[in-house]
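Chains as they are written, first to last, in the numbering used here: chain W, 12 to 300; chain Y, 12 to 300.
There are 2 protein chains.
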Amino acid sequence: MKRKQQKLKIRAGFQGEFGAFSQQAAEKFLGEEVEAVPFPSFTGVFDGLGSAEIHFAVIPMENTLHGSVHENYDNLLRYGCRIHAETTIRINHNLMAAPGVTLRKVRRVFSHPVALNQCLDFFRAHPELEKAPYYDTAGSARMVMAELPPDGAAIASARAAEIYGARILKKSIEDDRQNYTRFFLLGSDRAKEHLPPVNPKDCVWKTSVVFSVPNTPGSLFRCMSAFALRDLSLTKVESRPLRGKPFDYLFYLDFLGRVGETATDNALRHLAELADMMKVLGSYPRGDI
Amino acid sequence: MKRKQQKLKIRAGFQGEFGAFSQQAAEKFLGEEVEAVPFPSFTGVFDGLGSAEIHFAVIPMENTLHGSVHENYDNLLRYGCRIHAETTIRINHNLMAAPGVTLRKVRRVFSHPVALNQCLDFFRAHPELEKAPYYDTAGSARMVMAELPPDGAAIASARAAEIYGARILKKSIEDDRQNYTRFFLLGSDRAKEHLPPVNPKDCVWKTSVVFSVPNTPGSLFRCMSAFALRDLSLTKVESRPLRGKPFDYLFYLDFLGRVGETATDNALRHLAELADMMKVLGSYPRGDI
C-alpha cells in the first residue's frame, strides 16, 4: 500500500521495553507503522500524553489472572484523558536464547519474576534450570542478545524474540493459557482525528464511567437502576474502597452503549443525580474478546 | 504469659520467604507464636491446606494499587476452603543493608521489580543507585545478609530486616503511602476450632460470595436486589469475564451480614434462585480498614 511521504507518524507511548505486550497492543490499535515510544513508568506515559510528546498512550487496565490495574484507573482520573479504543492481548511466554544456545546448554532463565512464576510447570519439568529474575520480560530478551551468556535464556513475547533476534527454544511455556490483558488506547479528545473514522452503526459500543456513592445500603443498587431501567447491559462492575474515606467506594462501570445515544445519555444523567461524583472515561467500539 | 507445653503449634502457610508481608498478616491473624510456613507458589499453599500439612493459609486477595488477585479467587473456588478472617496490611518499603554498609556505600539495590517500581521517587533522588531485580522482597534482605555485598542494599519490610538482622538505612521509601493489601485467613470448616471463639454480637460480620449470572440486561441488577431489598450493605462488587464463555461473568460480592442471620440467609436463598452458580466463601468478622 502506497502512503504519502508527508503522512504524520503517530506516536504511542507504552510502559516497558521494545517487545513488551503493550507494544503489541499499540500495533494492534494503530497498525505496524505506529511509532511506539517506551517509558520506564506508567506516570511517565501519562506525562508524555500531557506534554503532547506522544499522540496516544497504550495502557494495561486489567488481566485475567491479576485483576484490574487500579493505579492506571487512578492515572486515568488524575490526568483526565479519554478512552478511544480497547483491545485484548493473550499473554504467552516463550523461552528464547541467542542462536547457538540450545535448550541443553541453558542453565539460567532470565525474566520478570511475574513471568517466571507463570511458568512453574516448565521449571518443574526442567529442574536443571535456575530462575533468574530480571527487570522486564522484553528487557531479558534484549539482555541475552546483548551479553550473549552461553548458558542464559530469556522468557518473553514472540515479538521480543523478533525485535532482538533471539531464537525461540520453546513456545507458550506458561502454566495457564487463560492469561489475557485488556488495554486501553488513551488520548486527548482531539486525538480522535488521528484514528480512522468509525461509523457508529458498524459496531457495538461500550462506555466506561467512574463514580462514587454515599455509604448507605442500596446506594449502588439505585445507581445501577439507571442502567437496568433502560435495558443497558453492564460488562464490568468493580468497587474499590476509597482509602482515607473508609466505607466510601469508587466504582468502575462499563456498559454497552454510546454517548450521544438517547438511552445512554439518559442513564448517565440519571447516574449523575444519584452519585456523589461521576466521570465518563469514554465511549469506544467494543474490542475483541 | 505462661503457656501449656502441650499446646498445639498452629501452622499457617504463606507464599514467599520469611519476612514477607503475608507472614506479617499471619502473625496479625494468629499471634506471634504461629508457625509460619513458606511456600514458593500460591497453589503450593492451597495444596498444603488440602493435605493438612498446615492448619491455615494466609493469602493476599486484593491490593489498593494492583486490584484483586483473581488467581487466588480461582484457587478459593477450586480448593473449596473457607474464609475465617480478613485483615489489611500496609505495604511499606524500607531500604536496608548489612551493618557497616552505609547509604553512601550503596550502589546496587536488590528487590522484587514491583517493589523497585514503587520507589521511583527515591531512585530519582539517588541517581547513583542501580535497581537490581531480585526474586522476592524478603528474599533480597536475606541475600544481602548472607552474601554481604559491600555496595548492596535491599528493599523489604521492617519485619524482614528484623528476621535477617539487616539495618534499616531509610524507612518508608515508597512513592504512594496508600498501598495496602487485604489478606484472607483460609482453612477447612473445622479449622475454626483453632481460632479463639468470637461472639457474633461483638463484631460486624462480612460474608463473601461468588456467583455467575446469565448474560441478559439487568441480570446483575436482579441479583443485587436480593441484598437491597433486605437493606444489606455491599462492601465489594466485582465482575470478571469468564474466558471461553465470552459475555458470561463471574461476580465477587462481599456484604455486611452473617450466615445464620435471617436477612443474610434469605438474601442468599434469593440470590441462589437468580444466579446460575452461587457459592458462599465464608462469614467472618470485619477486619480493620
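Virtual Cβ for every residue (Gly too), placed ideally from N, Cα, C. As the structure is a computational prediction, the values presented were derived from the model and not from experiment.
Asked	Found
Rounded to whole angstroms, what is the Cα-Cα separation between S151 (chain W) and R201 (chain Y)?	46 Å
In its own chain, which residues sit with a C-beta less than 6 Å from the C-beta of I100 (chain W), not counting the 5 before and 5 after it?	F32, Q35, A36, T192
For a contact meaning CB atoms closer than 7 Å, what does H81 (chain Y) contact in chain W?	T75, L76, H77, G78
Does A239 (chain W) have its Cβ less than 8 Å from a Cβ in chain Y?	yes
Would S219 (chain W) and L292 (chain W) be called neighbours here (beta carbons separated by less than 8 Å)?	yes
Go to K39 (chain W), then tell me how far its alpha helix (DSSP H) extends in each direction, as first and last residue.	32-41
Please determine whether the Cβ atom of G42 (chain W) lies at a distance below 7 Å from any heavy atom of the ligand SAM.	Here there are no bound small molecules, and the ligand SAM is not part of this structure.
Would you tell me roughly how many angstroms separate the C-alpha atoms of L140 (chain Y) and F134 (chain Y), rounded to the nearest one?	7 Å
Does the beta-carbon distance from L197 (chain W) to F40 (chain W) come in below 8 Å?	no
What residues from the segment 113-134 of chain Y come within 9 Å of chain W, judged by C-beta to C-beta, listed N to C?	H123, P124, V125, L127, N128, L131
For the beta strand (DSSP E) that contains H95 (chain W), what are its first and last residues?	93-101
If I measure Cβ to Cβ from M12 (chain W) and keep anything under 7 Å in the same chain, skipping five residues before and after, which residues do I get?	Any reading at M12 (chain W) must be qualified, since the residue scores a pLDDT of 47, below 50, and its modelled position is unreliable; no value is offered.
Leaving aside the five residues before and after P51 (chain W) along the sequence, list all residues of the same chain whose C-beta is less than 8 Å from its C-beta, in chain order.	Q26
Would you say V45 (chain W) and I70 (chain W) are within 8 Å of each other, going by their C-beta atoms?	no
Which residue from W:A109, W:R118, W:A237, W:T113 puts its Cα closest to that of I6 (chain W)?	Outside the modelled stretch of chain W, which goes from 12 to 300, sits residue 6 (chain W), for which no answer is possible.
State yes or no: is the C-beta of F222 (chain W) within less than 8 Å of the C-beta of A286 (chain W)?	yes
Mapping DSSP to helix, strand and coil, what is F29 (chain W)?	coil
Taking DSSP's pairing of strands, which residues face V120 (chain Y) in a bridge?	Y:K142, Y:A164
Do you know offhand how far R233 (chain W)'s Cα is from A23 (chain Y)'s?	41 Å
Suppose you measure from the CA of G176 (chain Y) to the CA of R269 (chain W); what does that come to, to the nearest Å?	58 Å
Does DSSP classify A283 (chain W) as helix, strand or coil?	helix
Which of the three DSSP states, helix, strand or coil, is assigned to D265 (chain Y)?	strand
What's the gap between the Cα of K217 (chain W) and the Cα of Y263 (chain W)?	13 Å
S244 (chain Y) CB to nearest chain W CB: under 8 Å?	yes
Skipping 5 residues on each side, what residues in its chain have a beta carbon closer than 8 Å to that of D147 (chain Y)?	G27, E28, A31, H123
I think A157 (chain Y) touches N105 (chain Y), with their Cβ atoms under 8 Å apart; what is that distance to the nearest whole Å?	Actually they are not in contact, since the Cβ atoms of A157 (chain Y) and N105 (chain Y) sit about 18 Å apart, beyond 8 Å.
In whole angstroms, what separates the C-alpha of L279 (chain Y) from that of S250 (chain Y)?	18 Å
P225 (chain Y) to N210 (chain Y), Cα distance in whole Å?	38 Å
Quick check: what's the CA-CA separation for N86 (chain W) versus T75 (chain Y)?	13 Å
The alpha helix (DSSP H) with T246 (chain W) in it runs from where to where?	Note, T246 (chain W): premise wrong, no alpha helix (DSSP H); beta strand (DSSP E) at 245-252.
If you compare alpha carbons, which of Y:D259, Y:H137, Y:A68 is closest to E38 (chain Y)?	Y:A68
Based on DSSP bridge pairs, tell me the residues matched to S183 (chain W).	DSSP lists no partner for S183 (chain W).
Take the Cβ of K247 (chain W) as the centre, count every other Cβ of all protein chains shown within 10 Å, and call the residue buried at 16 or more, exposed below.	buried
Can you check which of these residues, Y:S230, Y:D187, Y:V120, Y:S294, is closest to K203 (chain Y) by C-alpha distance?	Y:S294
Could you run through the segment 27-55 of chain Y and flag, in chain order, every residue whose CB is less than 7 Å away from some CB of chain W?	S52
List the residues of chain Y whose Cβ lies closer than 9 Å to the Cβ of K142 (chain W), in chain order.	Y146
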